[in-house]
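Residue numbers (my numbering), protein chains in the order written: chain V, 253 to 764; chain X, 132 to 548; chain B, 84 to 483. To keep things clear, I will list the structure first and then write my remarks on it.
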Amino acid sequence: MAQSTPPALALKEITKKFGSVVANDRVDFDVVPGEVHALLGENGAGKSTLMSVLYGLYKPDAGEILIDGKTVEIESPASAIALGIGMVHQHFMLVPVMTVAENIVLGQEPTRRWRLDLKAARARVRELSDRYGLAVDPDARIENVTVGAQQRVEILKALYRDARILVLDEPTAVLTAQEVRELITVINRLKEDGRAIVFISHKLGEVLQVADRITVLRRGKKVDTVPRAGATELSLARLVVGRDVMLSAEKPAGRPGEALLDVRDLHVRDDRDLEKVSGLSLAVRAGEIVALAGVDGNGQQELVDAITGMRAPRSGAVAIDGQDIAGKGVRAATEAGVAHIAEDRQLRGLVLPFTLAENLALREYRSPEFSGHGWLRLGHMQQRAEKLLAEFDVRGGGAEAYAAALSGGNQQKVAVAREIASNPKVLVAHQPTRGLDVGAIEFVHRRLIAERDKGRAVLLVSLEYEEVKALPDRILVIYEGEIVGEFPPEASEEQLGVAMTGGKTERTEVAL
Amino acid sequence: MSQLEDELNAEATESEGAAARSPAALTAFRRGLSGVTVPILTTVIAFIAGGLIVLATGHNPLSTYSSIFNGTGFNWLFPWVGGAARATAAGNLQQTLIQTTALILVGLAVAFAFRAGMFNIGGQGQYTVGAIVAVWVGSSFAGMPAVLHIAFAIVAAGLAGAAWAGIAGVLKALTGANEVISTIMLNWIAIWLGVYCFQLGGPLQNPSMPSTPVSSNVVAGAKLPVFWGSAALQGLDVGIFIALALAVVFALLIKRTRLGYEARTVGFNPEAARYAGINVGRTWIRVMLICGAFAGVAASLDILGWKFSLFTNDIQTSQIGFYGIAVALLGRNTAGGTVAAALLFGGLLTGTSDRNINLSIDPTLVQYLTFMIEGIIVLLVSTDVITLRLLKGGQRIGVALGRRPRDVAGAGRGGGS
Amino acid sequence: MSVGTIAVAPSRAVSPKRIGVAGIVLGALAWVITIPPIEARGMAVPIVLAVVAVAAGAWSVGGGERKLGIEAIVVALLAVVGAAASAKSAVGTLESVFTWSALVAATLRYATPLLFAALGGVISESGGVINIGLEGMMLMGCFWGIYGADLLHSWVWGILVAMLAGGLLALVHAFLSIHLRANQIVSGTGINFIALGITGYFLEYHYGPNGTPLNISMVPNVKLPLIQHVGFFGAAVGDANLMTWVGLALVPALTFFLFRTRWGLRLRSVGEKPRAADTVGLPVLRIRYAAVIASGMLAALGGAYLSVGFVGSFSNDMTNGRGFIALAAMIFGKWKPWGALWATLLFGFGNAMSDRVSSVNPTLGTLFEALPYVLTLVAVAGLVGRSRPPAADGIPYIRG
């Protein structure tokens with residue numbers, strides 16, 4: 253289709269490498285005014301990197317950027333802003349102790365002589381807020397404001413700077429269903445206003461609701477750009493994943509036994525003393541994998557913290573094979589047989605400057621096998637480590653190698669090895685495959701199934717749609733701190749999606 | 132944003148996470164050659180910088196440094212030095228080793244804390260408290276058998292230092308108080324406590340010297356025996372062996388004990404430590420207690436070895452705790468490194484002291500030169516980037532040196548993320 | 084423990100909070116009445132007041148205000164000790180120690196260098212860079228101020244040279260901390276060593292064993308025209324140094340800057356969440372550089388006051404740890420200019436008291452010297468409210 257006016261934004265052959273990793277490989281992308289163009293892809297496909305290049309946070313290794321048909325150099329966010337690009341980040345870029353108005357005007361503050369003119373700021377905020385239906389309280393501090401409101405502030409920030417090209421990075425990741433509907437209304441109003449909107453997401457359903465055109469990225473490359481008409485979830489999913497969905501290993505049916513993990517009426521608060529788990533009950537039996545699906549921030553972290561002993565619940569019970577460990581600390585949980593593959597292996601899982609032998613001993617160093625009278629049994633640690641490294645096929649170094657020298661996939665293998673080696677009764681895996689390549693993901697999945705078959709109870713907390721569908725025997729959906737639905741693995745994405753965003757659907761109880 | 136910066140950023144955010152920001156990262160966890168290269172390079176750069184300042188103020192850096200060197204007594208090790216020069220060198224070397232004794236221990240007091248992720252800037256206060264107790268024990272209990280008396284004084288001083296450091300540790304564990312500030316405050320409180328004790332009219336002032344603000348003298352039975360040189364001319368006492376033995380204890384503690392393991396885990400990654408069930412607060416307290424003990428023992432070795440009394444002026448002008456920080460940093464918080472760095476600073480202090488009559492430059496000037504060199508060393512260590520990374524080629528070397536040869540071929544971030 | 088969930092029985096007429104505060108006041112009163120100008124003698128009244136204060140504190144604790152209640156009890160107990168000390172001293176002694184006008188004047192003199200350095204610390208840390216090197220920057224200002232005043236025959240030049248020296252040293256700290264992402268506490272420590280070395284070296288090099296010359300041009304005192312002769316006020320503030328007044332004026336000025344101008348907003352955003360500032364196009368690194376250099380200049384001014392404003396000469400390590408007290412004052416003052424002012428006045432008062440107590444009882448005076456450090460320890464332990472630095476304090480900013 254010939255265009256009489258050039259697109260508001262065009263990215264041509266953008267390439268960006270980090271060391272040996274090619275995050276963007278000759279990607280083309282453009283948006284015209286009054287259009288919503290979605291950028292779709294899995295985690296790690298290169299969407300955020302592309303937008304960081306656009307916003308001046310990274311310098312591309314090759315390719316060019318055109319605004320209104322003219323080539324531009326974007327050296328920093330300031331240049332991007334000056335060119336009319338506004339970014340609404342996935343992780344909000346707001347200063348918690350400052351007010352909404354202060355955050356919005358930061359960098360382009362209205363002044364009256366020397367003073368910061370907060371009155372003018374407030375007025376302008378209200379004006380924009382009314383015009384686009386973005387309700388906020390200008391004088392509230394960001395730290396006291398809801399997540400949905402914070403996002404509205406982020407959008408107002410861009411509008412305050414007259415952004416004509418708006419980039420929304422995974423905007424619905426932390427919103428409730430109602431808030432998503434409100435957001436879509438706002439987006440439509442912005443479209444009518446003639447702005448060009450880039451909508452980044454990995455959620456097929458939303459993309460189909462909102463976008464006019466859809467570009468799919470996979471492993472750094474652009475796969476295709478399709479118009480909304482004619483696109484379906486299935487056709488998009490095929491483009492995103494590159495093969496027919498279901499990457500699961502063959503999975504024999506499980507044979508569940510007694511409940512090894514029994515959570516009853518749990519109430520847990522987070523660091524800001526807000527209740528994140530509200531009367532939650534669930535059970536995981538020996539020999540089964542239960543997946544916990546839900547939008548990030550609905551209490552998963554706090555639940556995991558309570559089960560692993562990192563956080564004491566306000567009330568409720570956490571029983572491991574009959575033994576209540578709620579509030580008794582990490583050691584009690586460990587001794588009762590809870591193992592935890594942490595969400596962030598670098599922060600919580602491994603000590604990168606330690607050797608692999610030292611890392612592998614982290615869980616059990618107190619046991620007589622590894623230490624006595626305060627002295628470590630180093631030789632023993634070494635032997636154990638070598639055995640585990642071989643068993644788990646860890647590449648990149650021996651027992652004396654530093655964890656930092658390993659690739660992400662191998663690091664995760666070490667973390668998994670450490671937890672599984674202690675023969676736990678309950679294995680809690682929180683996003684165990686985040687950031688890993690396909691081979692490593694497959695390995696972790698196979699191990700989880702193997703553990704299940706050994707009779708362990710496996711609780712899998714994940715945001716990866718495929719993981720949630722392929723691995724478990726049952727799927728529980730968590731929403732606002734409660735279990736709101738239980739589904740068999742055959743449940744559709746719509747059913748799960750509806751439950752995850754708080755809607756009600758026919759519950760399919762799985763016969764126990 | 133240069134290409135290099137991008138790569139550094141990516142490297143930093145991907146593979147180092149919390150560990151990179153912790154002070155424990157200042158440790159030489161890269162074994163082998165690169166563990167030694169960095170401190171040597173740092174020292175050389177600092178000395179060159181010092182030399183430039185000397186040059187800029189009209190003196191000859193080479194003759195300055197060589198006269199300092201002769202003052203350290205290290206030339207005693209050269210077999211071709213003989214006669215009177217040899218005797219002088221011997222005396223100098225004894226002095227150097229005396230200084231080194233205390234520096235080793237105060238350095239370890241800082242190093243152990245660094246390993247656990249804490250800044251023990253309070254070595255000076257812990258040393259002071261140890262000194263007060265050591266001089267009090269040493270000057271009392273006149274009839275005690277020597278070995279017992281000495282042991283008592285050393286242990287008491289160690290306990291005092293431990294308690295002093297423990298205050299900061301407890302505050303950190305219970306209230307989250309930043310140990311940098313609390314140890315600095317405790318330094319000054321200790322100093323004023325010391326001045327209070329020994330000033331005219333103070334409770335521990337020497338009763339037989341009422342117009343001098345000094346402590347009582349350590350009795351003969353509590354003095355550490357001298358094994359090299361003569362006691363009358365401040366020869367080298369056995370304290371050096373105690374210091375070296377404690378350095379070995381430090382190494383064992385770090386590598387082979389549960390406490391050392393827990394301390395290192397807490398130092399590199401407190402979150403992972405919690406996940407492993409380690410009580411972070413209790414670990415902090417234990418670590419600080421040990422650090423304080425090292426510093427307290429350092430004081431006792433000084434008191435019983437050559438000081439034999441404590442003037443309020445001593446207390447107020449002593450800088451040994453701060454030298455300890457430089458020693459620990461230069462020694463990359465390891466036992467061997469600390470000993471080597473202590474030796475370096477011991478030599479520097481002796482070579483630039485008033486004792487060195489052959490100094491080709493005014494002694495006051497070089498004493499301040501020493502501070503400058505010390506400062507430059509600390510600055511260079513603080514970045515930990517300058518020697519490895521700014522040299523672009525150095526970046527690759529630095530990372531590669533962290534792996535054993537057979538790993539380099541098979542290693543790499545295969546697969547991507 | 085959350086703040087909002089302490090249920091106070093609405094039937095209580097007076098809140099436990101007010102009772103707690105009253106307890107603290109009464110406790111303090113127990114001691115205050117024994118010193119001039121009230122000079123009540125005997126222990127009876129103080130003890131009664133202290134007992135009431137303790138009761139109030141206990142009531143307050145029972146009502147849920149634990150911290151306030153404990154503070155009231157502690158104040159009451161300390162007050163009894165103080166009252167006992169007063170009772171043991173002669174009235175004349177008390178009067179010579181508590182000559183309030185002289186105490187105020189001395190407090191201001193001691194507080195001035197601390198104030199400048201503490202304000203410098205506030206600026207630096209508001210931008211997110213920890214500045215342990217305040218001591219070194221102060222020392223540089225101290226020496227180079229005298230040097231400049233001597234060489235160029237005017238205190239004005241001295242001040243300017245001092246600021247330049249402090250700024251340059253701060254530039255080194257800034258480069259290491261911001262660009263090279265050094266560990267800021269370690270680099271600050273290194274800065275202090277270097278300053279000690281440079282000032283001592285050049286003192287010896289330039290002035291030799293005789294030290295700095297006499298008759299150097301000094302910052303003048305400001306003789307307030309009418310007030311100067313009015314009894315208490317005249318002795319207290321009628322003859323204060325110009326720099327003291329400048330320092331005092333800086334407090335509202337910096338407060339206005341930080342909280343009412345856009346540059347202050349930007350500075351604070353950089354210290355709280357630099358990523359947010361970066362993504363709106365603010366030059367994070369440049370702002371941090373400016374903050375650190377400004378803090379160096381302010382600290383240097385504090386040092387310059389010592390040499391060019393007060394003593395008239397320079398001797399080795401003249402600042403003697405004041406930079407660290409200033410750091411403590413900054414923390415005690417919760418990273419705000421007014422807070423820093425009250426903290427430095429409190430610490431200055433401690434120093435002034437120490438002097439006067441020393442003149443009647445030298446050994447006791449020494450213990451007073453330790454007071455600022457003890458107070459800071461108390462503050463850092465969170466016993467006087469929450470001590471919270473800017474969120475990104477000490478964390479080098481890495482883009483992306």
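We put the CB at the ideal spot given by N, CA and C, even for glycine.
- Query: For the segment 132–151 of chain B against the segment 182–190 of chain B, are there 3 or more C-beta pairs whose distance is under 8 Å?
  - Reply: no
- Message: Cutting at 7 Å between CB atoms, please list the residues of its own chain near X/A299, excluding the five before and the five after it.
- Response: G253, E310, S313, T314, L317, M419
- Looking at C-alpha atoms only, which residue of X/S431, X/G202, X/A215, X/A424 is the closest neighbour of X/I371? X/S431
- Message: When you compare the CB of B/N266 with every CB in chain D, is at least one pair closer than 8 Å?
- Response: As a matter of chain content, chain D is missing from the structure shown, whose protein chains are V, X and B.
- Where does X/N318 fall in DSSP's three states? helix
- Item | Among V/A290, V/H289, V/V279, the one whose alpha carbon lies nearest that of V/L302 | V/V279
- Nearest-angstrom Cβ-Cβ length linking X/L331 and B/P445, presumed shorter than 8 Å: 7 Å
- Query: Among X/Q336, X/A424, X/Y406, which has the Cα closest to the Cα of X/W295?
  - Reply: X/A424
- Task: Compare the C-beta of B/V180 against all C-beta atoms of chain X and say whether one is closer than 8 Å.
- Result: no
- Cα-Cα separation, V/L435 to V/F451: 12 Å
- Message: Please return the same chain residues whose Cβ sits closer than 7 Å to the Cβ of V/R704, not counting the five positions on each side in sequence.
- Response: G506, G539, E540, I541, V710
- Query: Taking 8 Å as the CB-CB limit, is V/H592 close to chain X?
  - Reply: yes
- Query: So what does V/I452 bridge to, in DSSP terms?
  - Reply: V/L291, V/D421
- chain V beta carbons: is any one of them nearer than 8 Å to that of B/I352? Per the sequence shown, residue 352 of chain B should be read as Ser rather than Ile. It does: the Cβ of B/S352 has a partner Cβ on chain V nearer than 8 Å.
- Per-residue burial, X/G524 [other beta carbons within 10 Å of its own, 16 or more giving buried]: Summary for X/G524: the model assigns pLDDT 39, below 50, so the residue's position carries little reliability; its value from the coordinates is reported in the next sentence. Label assigned to X/G524: exposed.
- Query: Using 8 Å as the limit for Cβ to Cβ distance, is X/F178 near chain B?
  - Reply: no
- Task: Would you mind telling me which residues of chain B sit closer than 7 Å to X/E505, beta carbon to beta carbon, in chain order?
- Result: F276
- Query: What does a CB cutoff of less than 6 Å around V/L420 pick up in its chain, not counting 5 residues either side in sequence?
  - Reply: V340, F451
- Message: The beta strand (DSSP E) that contains V/T467, what's its start and end?
- Response: 465–470
- Between the CA atoms of X/T306 and B/V174 - distance to the nearest angstrom: 42 Å
- V/V305 - containing beta strand (DSSP E), residue span: First-last for V/V305: 299–306, but that is the alpha helix (DSSP H), not the beta strand (DSSP E).
- Message: Let's see if you can read the secondary structure: which residues bound the beta strand (DSSP E) around V/Y731?
- Response: 726–731
- Query: Along the segment 280–303 of chain B, what residues have a CB closer than 9 Å to any CB found in chain X?
  - Reply: G280, I281, T282, G283, Y284, F285, L286, E287, Y288, G291, P292
- State the DSSP-derived secondary structure class of V/G624, mapped to helix, strand or coil. strand
- Does the Cβ-Cβ distance between V/V603 and X/N410 come in under 8 Å? no
- Query: Taking the beta strand (DSSP E) that B/R351 falls in, what are its first and last residues?
  - Reply: Careful: B/R351 lies outside any beta strand (DSSP E), inside the alpha helix (DSSP H) at 345–355.
- In terms of residue numbering, what span does the beta strand (DSSP E) encompassing V/H632 cover? Run containing V/H632: none in the beta strand (DSSP E); it sits in the alpha helix (DSSP H), 630–643.
- How would you label X/I171, buried or exposed, when you count the other beta carbons within 10 angstroms and need 16 or more for buried? exposed
- Could you check where the alpha helix (DSSP H) with B/N275 kicks off and where it finishes? 267–290
- Message: Among the candidates V/G650, V/L544, V/H519, V/V536, whose CA atom is the shortest distance from the CA of V/A511?
- Response: V/V536
- Contact list for V/L368 against chain X, beta-carbon separation under 9 Å: Near V/L368 there are no residues of chain X at all, since even the closest Cβ is about 31 Å away, more than 9 Å.
- Message: One question on the structure: do X/G412 and X/D368 come within less than 8 Å of each other, judged by their Cβ atoms?
- Response: no
- Query: In three-state DSSP terms, what is B/K419?
  - Reply: coil
- Task: Tell me, please, whether the CB atom of X/L392 is closer than 8 Å to any CB atom in chain V?
- Result: Looking at the sequence shown, residue 392 of chain X is not Leu but Tyr. So, interface residue.
- Message: Between X/L500 and X/T483, how many whole angstroms is the CB-CB distance? I'm expecting something under 8 Å.
- Response: 7 Å
- Item | Residues that DSSP places opposite B/N304 in a beta bridge | B/N324
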